[in-house]
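Q:
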Amino acid sequence: MSLLNNLNTASSGLGVSSTSMSVIGDNIANINTVGYKGSETNFADLIPNQVGGLAGVSAIGTGAATNTVATVFGQGSLESSTNSLDMGISGSGFFMVGDGEETLYTRAGQFYLDEEGFITTASGLRLQGYTAEDAVVGITIGDLQISDSMLDPNMTTELNVEANLDSSSDFADTPIADGTFTTDGTGDTVDDFAAAGDFSTSMTVYDSLGEAHEVTMVFEKTADNEWNWHAIVDAGELSSGYDDGNAFEISSGTLSFDTDGHLTTFTQVNANDVGTPWVFAGAEQTDFEFNFGLNAAGEAVGGNMTQNASDSAVTSVSQDGYATGSITSVEVDTDGTIYGTYTNGQELALGQVVLADFSAPTELDRIGGTFFRATAASGAPAVGAAGTGGRGDIVGSALEGSNVELEDQFVNMITAQRTYQANSRVFSANSDLLQELVNLV
């Protein structure tokens with residue numbers, strides 16, 4: 026080979042070393058970039074020259090060139106964040122973001138709410154996922170949005186009671202069953218009626234307007250293993266103009282227990298069904314369904330009433346109504362479901378973040394801003410919920426850091442620097458040889 030060719034070979038070595046240093050510099054510069062994936066440089070030798078020799082034809086290399094600059098999609102460390110909309114991916118997959126015309130992919134999970142409530146990146150691209158309607162996540166992928174509108178109230182229709190009634194309660198005196206009390210809203214008070222029973226408790230219910238009301242449950246033992254129950258409200262809260270504090274019975278029934286203290290049957294009679302209609306002022310008329318337990322084919326379910334030789338006490342009460350509420354916070358589950366918590370205690374699904382996975386992620390087109398574009402070589406995205414189909418989990422209130430290891434970059438930097446110096450020496454030596462050749466002339 027000629028000395029001029031040797032200069033080209035050395036020059037190619039300087040070029041690939043410079044490229045390597047550029048990639049290393051880019052990695053170090055982005056060591057604090059959220060979701061950044063480091064790059065590595067792959068080199069290849071150039072087509073050699075064929076030269077003849079005593080033993081035949083030999084190949085002499087002509088230097089090196091950059092083959093590829095590949096993105097390394099290793100896992101970055103996850104760090105906690107104070108922003109509840111920040112998300113990190115533990116495992117494979119990419120967040121999908123779009124502007125309505127194009128979908129891009131990223132591992133950077135820094136998201137914010139815009140003025141319309143859409144979840145967006147800092148550059149305004151909207152996060153994609155399964156949208157929800159009436160707290161039910163669907164199967165349609167679209168822009169995820171968190172509405173700040175008030176949550177409509179939900180009227181109570183069902184109440185569940187878990188309690189124990191003291192089996193030693195005396196049933197010699199049964200003033201309620203004996204008809205001593207009036208519960209049509211015109212006579213005795215709620216407090217007097219509750220005091221007459223063997224046990225009483227109260228629970229909050231909501232009408233169709235979201236207004237809260239207290240329902241007092243009064244239990245009176247009438248015989249061994251037999252009880253009556255009464256549900257009463259303050260008649261002053263009804264639309265019929267009764268005095269405040271008077272008792273109005275909205276439902277009543279019986280409870281029967283076996284000798285082991287287990288509930289065997291219960292009944293319910295509603296005032297609306299026996300000619301004593303009632304409604305909370307301004308609200309929709311309703312009847313409450315009271316559940317005290319059962320099943321194992323006594324049916325009913327919900328609640329759990331027992332009668333044992335211990336003090337009467339309530340374990341828990343629950344009902345399905347709630348008042349108007351406004352959203353106070355959001356959180357993201359590992360499957361990407363976004364839940365909103367409201368001032369009325371409700372927690373509802375607002376949507377579900379989806380992840381996209383690729384058969385050849387290294388073939389994605391890096392376009393800057395921590396975004397990637399799908400290519401024919403990367404394959405079409407496989408889109409689905411986190412934790413399914415090989416996709417990773419989503420970690421809420423966390424961010425994935427850069428996967429660049431500074432120590433490795435320093436080692437690579439030293440190697441690239443020494444390689445550049447060595448190639449420069451080859452270049453310098455060939456230059457000296459050419460000078461000697463010129464001096465011979």
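26 is the number of the first residue of the sequence shown in this note's numbering; add one for each residue after it. In this text, a Cβ means the ideal position worked out from N, Cα and C, and glycines have one as well.
Can you grab the Cα-Cα spacing for the pair Y445 / I85, in whole Å?
A: Position 420 of the sequence shown holds residue 445. Position 60 of the sequence shown holds residue 85. Rounded to the nearest angstrom, the two C-alpha atoms are 21 Å apart.
Q: Roughly how many angstroms separate the alpha carbons of S42 and Y61, rounded to a whole number?
A: Stepping through the sequence shown from its first residue, residue 42 is reached at position 17. Stepping through the sequence shown from its first residue, residue 61 is reached at position 36. Each residue's Cα considered, the two are about 23 Å apart.
Q: Please determine, among D249, N448, S453 and L431, the residue with the shortest C-alpha to C-alpha distance to I56.
A: Counted from its first residue, the sequence shown places residue 56 at position 31. Considering only alpha carbons, the answer is L431.
Q: Can you tell me which residues form a DSSP beta bridge with S64?
A: Here residue 64 corresponds to residue number 39 of the sequence shown, with the count starting at 1. DSSP lists T96 as partners of S64.
Q: Would you tell me roughly how many angstroms separate the C-alpha atoms of N271 and T211, rounded to the nearest one?
A: The residue you call residue 271 lines up with position 246 of the sequence shown. The residue you call residue 211 lines up with position 186 of the sequence shown. Distance between the alpha carbons of N271 and T211 is about 6 Å.
Q: Out of G417, I49, L32 and Q377, point me to the one whose CA is closest to Q442's CA.
A: As a working note, residue 442 is residue 417 in the sequence shown. Closest by alpha carbon: I49.
Q: By alpha-carbon positions, which one of Q153, M330, N369 and N189 ends up nearest to M175?
A: As a working mapping, residue 175 is identified with position 150 in the sequence shown. The shortest Cα separation from M175 among Q153, M330, N369 and N189 belongs to N369.
Q: Quick check: the Cα distance between F244 and A296, rounded to an integer number of angstroms?
A: Here residue 244 is taken as the residue at index 219 of the sequence shown, counted from 1. Here residue 296 is taken as the residue at index 271 of the sequence shown, counted from 1. About 17 Å.
Q: At the level of alpha carbons, what is the spacing between E140 and Q170?
A: The residue given as residue 140 occupies position 115 in the sequence shown. The residue given as residue 170 occupies position 145 in the sequence shown. Looking at the two C-alpha atoms, the distance is approximately 11 Å.
Q: My output table needs one value for A405: the three-state DSSP class, helix, strand or coil.
A: Here residue 405 corresponds to residue number 380 of the sequence shown, with the count starting at 1. Coil, per DSSP.
Q: Identify the residues that DSSP records as bridge partners of L424: which are they?
A: Taking the first residue of the sequence shown as 1, we reach residue 424 at position 399. Per DSSP, E104.
Q: Does the beta-carbon of G13 have 16 or more other beta-carbons within 10 angstroms, so that it is buried, or is it exposed?
A: Past the edges of the chain, shown from 26 to 466, lies residue 13, and the structure says nothing about it.
Q: Look up Y267 in the DSSP assignment and say whether it is helix, strand or coil.
A: In the sequence shown, residue 267 corresponds to position 242, counting from 1. Here Y267 sits in coil by DSSP.
Q: Count the CB pairs spanning the region 395-402 and the region 173-188 that are closer than 8 Å, and state whether there are at least three.
A: In short, these stretches do not touch, since the Cβ pair count stays below three.
Q: Looking at the structure shown, is A410 part of a helix, part of a strand, or coil, going by DSSP?
A: The residue you call residue 410 lines up with position 385 of the sequence shown. Strand at A410.
Q: Answer with buried or exposed for S45, where buried requires no fewer than 16 other C-beta atoms within 10 angstroms of its C-beta.
A: Translated into positions along the sequence shown, residue 45 becomes position 20. Buried, because 16 or more other Cβ atoms sit within 10 Å of the Cβ of S45.
Q: Can you give me the C-alpha to C-alpha distance between R132 and A95, rounded to a whole angstrom?
A: Your numbering for residue 132 matches position 107 in the sequence shown. Your numbering for residue 95 matches position 70 in the sequence shown. Their backbone Cα atoms lie some 16 Å apart in a straight line.
Q: Using a Cβ-Cβ cutoff of less than 6 Å, which residues in the same chain neighbour T207 once the five nearest sequence positions on both sides are dropped?
A: By 1-based counting over the sequence shown, the position of residue 207 is 182. So the list reads D213, once near-sequence residues are dropped.
Q: Closer than 8 Å is the cut-off here; do at least three beta carbon pairs connect the region 373-389 with the region 347-362?
A: Cβ pair count under 8 Å is three or more, so yes.
Q: Quick check on Q442: does DSSP put it in helix, strand or coil?
A: Along the sequence shown, one-based indexing puts residue 442 at 417. Reduced to three states, the DSSP call for Q442 is helix.
Q: Quick one: give me the first and last residue of the alpha helix (DSSP H) that A221 is part of.
A: Against the sequence shown, residue 221 aligns to sequence position 196. V215 to A221 is the extent of the alpha helix (DSSP H) around A221.
Q: When the Cα atoms are used, what is the spatial distance from T108 to S422?
A: By 1-based counting over the sequence shown, the position of residue 108 is 83. By 1-based counting over the sequence shown, the position of residue 422 is 397. Looking at the sequence itself, residue 108 is Asn, so the reference to Thr does not match. Going from the Cα of N108 to the Cα of S422 covers about 6 Å.
Q: So what does DSSP say about V122, is it helix, strand or coil?
A: Residue 122 sits at position 97 when you count from the first residue of the sequence shown. Note: V122 maps to strand in three-state DSSP.
Q: Leaving out the 5 sequence neighbours to the left and right, which residues in its chain are closer than 6 Å to D168 when beta-carbon positions are compared?
A: Position 143 of the sequence shown, counted from the start, is the residue given in the question as residue 168. Here the set comprises F143 and R151.
Q: Suppose you measure from the CA of F196 to the CA of A248; what does that come to, to the nearest Å?
A: Reading the sequence shown from its first residue, position 171 is the one you call residue 196. Reading the sequence shown from its first residue, position 223 is the one you call residue 248. If you take the alpha carbons of F196 and A248, they lie about 6 Å apart.
Q: Using CA atoms only, rank isn't needed, just tell me which of S351, A411, E388 and T93 is closest to G116.
A: The residue labelled residue 116 in the question sits at position 91 within the sequence shown. Ranking the options by Cα distance to G116, first place goes to A411.
Q: Taking 8 Å as the cut-off, decide whether the C-beta atoms of E187 and N320 are in contact.
A: Residue mapping note: residue 187 aligns to position 162 of the sequence shown, counting from 1. Residue mapping note: residue 320 aligns to position 295 of the sequence shown, counting from 1. The answer is no: Cβ separation not under 8 Å.
Q: Go ahead and label S337 buried or exposed: buried means 16 or more other beta carbons lie within 10 angstroms of its beta carbon, across all protein chains shown.
A: Here the question's residue 337 lines up with position 312 in the sequence shown. Per the 10 Å Cβ criterion, buried.
Q: Look up D312 in the DSSP assignment and say whether it is helix, strand or coil.
A: Counting from one through the sequence shown, the residue named residue 312 turns up at place 287. Reduced to three states, the DSSP call for D312 is coil.
Q: Helix, strand or coil, according to DSSP, for L389 in the structure here?
A: The residue labelled residue 389 in the question sits at position 364 within the sequence shown. DSSP places L389 in coil when its eight states are reduced to three.
Q: In the DSSP output, which residue or residues are listed as bridge partners for Q153?
A: Stepping through the sequence shown from its first residue, residue 153 is reached at position 128. Looking at the DSSP assignment, Q153 forms a beta bridge with D168.
Q: What does the alpha-carbon distance come out to for the pair L459 and S453?
A: Here residue 459 refers to the residue found at position 434 when the sequence shown is read from its first residue. Here residue 453 refers to the residue found at position 428 when the sequence shown is read from its first residue. Whole-angstrom Cα-Cα distance: 10 Å.
Q: Note down the Cα distance separating F273 from A334, rounded to an integer number of angstroms.
A: For the purposes of this step, residue 273 is identified with residue 248 of the sequence shown, where counting begins at 1. For the purposes of this step, residue 334 is identified with residue 309 of the sequence shown, where counting begins at 1. So the alpha carbons of these two residues sit roughly 31 Å apart.
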